[in-house]
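J.:
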Amino acid sequence: MRVLVPIDGSKCSFRALEFATEFTSRFEGSLHVMHITDYDGEAKQDLLDRARTVLAEAGIEDDPEIIPITQMAAPRYANRVGSLILEVAADRDYDHVIMGHHGTGRLGQAIMGSAAKTVVGADEIPVTIIP
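Quick note on numbering: UniProt numbering labels position 128 of the sequence shown as 128, and the sequence is numbered without any gaps.
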């Protein structure tokens, strides 16, 4: 089983990542972490370092991927993040998505909440939402 875990740096997304490490270990799956962003800098590097630490502690060798997104109006941004998660999952034949139910972004928790709703609402791939 191939599992995709989108993260945004929120506590909720890291709870999803920790859950995913246990999930893939139990079901002998592979795990890939991605971060969709419209910014660059130290905050992004800190997020990646934190993700690498979680993965290393679980004995998983994966380097989180950065997927750039162009800046756009906030409501469209949220929908676009969800759509990009679905696009990556389909293009790369992932079997499952594990993600937090909300996170951080320009509108705070609304961004990842909208992304999670988009992914779940598409009915294209099994999704586990972590509170």
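A virtual CB, placed ideally from N, CA and C, is assigned to each residue, including glycine.
Can you tell me where the beta strand (DSSP E) with Ser10 in it begins and where it stops?
T.: Where Ser10 is concerned, there is no enclosing beta strand (DSSP E), given that its DSSP letter is neither H nor E.
J.: Leaving out five residues before and five after Phe19 in sequence, what residues of the same chain have Cβ atoms less than 8 Å from its Cβ?
T.: Excluding residues within five positions, the ones whose Cβ falls inside 8 Å are Ile98, Thr128 and Ile130.
J.: Bridge partners of Gly100, per DSSP?
T.: BP columns for Gly100 point to Ile130.
J.: Alpha carbons only, please: which of Cys12, Ser114, Glu61 and Leu84 is nearest the one belonging to Thr37?
T.: The residue with the shortest Cα to Cα distance from Thr37 is Leu84.
J.: Evaluate Gly59 with the Cβ neighbour count: other Cβ atoms within 10 Å of its Cβ, from every protein chain shown; 16 or more gives buried, anything less gives exposed.
T.: Gly59 is exposed by the Cβ-count criterion.
J.: Please classify Arg80 as buried or exposed, where buried requires at least 16 other C-beta atoms within 10 Å of its C-beta.
T.: Classification of Arg80: buried, given that the 10 Å Cβ count is 16 or more.
J.: Beta-carbon separation of Arg2 and Asp91 under 7 Å?
T.: Their beta carbons are not under 7 Å apart, which means Arg2 does not touch Asp91 by this criterion.
J.: Could you please give me the residues that DSSP links to Arg2 through a beta bridge?
T.: DSSP output for Arg2 lists Ser30 as bridge partner(s).
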